[in-house]
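Notes follow the structure.
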Amino acid sequence: MSRTTAPPLTTTVRTGPLRLHGDLRHPADLTVEQLRHFSAHQADVVFDCATNGAQHHAFTGPLLRDVITRAEPAFDVRRRKDRSRFLVAVFGRDGHRAVLSWPEIDAEFGNAPVLLATSLDGNPLDAEGSQLVVPSDACGARYVSAITEIWVGAYRPTNTEADLA
Ligand SMILES: Nc1nc2c(c(=O)[nH]1)N[C@H]1C(S)=C(S)[C@@H](COP(=O)(O)O)O[C@H]1N2
Ligand SMILES: [Mo]
């Protein structure tokens, strides 16, 4: 039988959970609802956008540090020089991506209060996906929205003496 009416259009594309993976003992797929199980923080931020000028937003969500810590990065938590090797890459659904370093958000290093937002200006982000919030950034490029993936891993130089040690 041929189709006589068009299928209903979906206006909201619901994202899948955010994939947290890499050098982690407990990689996880996390929904925005699951991010609400972590203790929530707020950030009132202003950042500059190259195309739209100054943007002012209020975000709520857990600290990126707390979410990654739950997944247990494969470093020795007692050793600062082990923790200092780790990178964090954040990917958006449209291909936009940004990197942070673990020491940037580690309490004993930069201690930056970077969030994984569950709401933006009071609106829940369940349909859109979480957004990275980097309050210490002057520009908006690392405020990656509609996050699909976060990779955590150690930087590994090749063919150096340190690598062989
Ligand atoms: N997924 C995704 N997130 C993104 C971008 C993008 O292109 N894709 N652009 C960034 C840039 S350059 C800015 S300035 C802010 C803009 O945020 P706003 O639209 O809430 O003002 O989003 C950031 N997050
Ligand atoms: Mo921007």
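With my numbering as the guide, the letters of the sequence shown map in order to residues 163 to 327. The beta carbon of each residue, even a glycine, is placed where N, CA and C say it ideally should be.
- Two segments are said to touch when three or more pairs of C-beta atoms, one from each, lie closer than 8 Å; by this definition the segment 256 to 265 does not touch the segment 278 to 286.
- Bridge partners of residue 313 according to DSSP: 183, 251.
- Membership of residue 210 in the beta strand (DSSP E) is indicated by the continuous run 203 to 211.
- By the Cβ neighbour-count rule, residue 268 is buried, with 16 or more other Cβ atoms within 10 Å of its own.
- For residue 303, the Cβ falls inside the 6 Å cut-off from some heavy atom of ligand 1.
- The beta-bridge partner set that DSSP reports for residue 302 is empty.
- If the five residues before and after residue 259 are omitted, its C-beta is found closer than 8 Å to the C-beta atoms of 251, 252, 253, 306, all from its own chain and listed in chain order.
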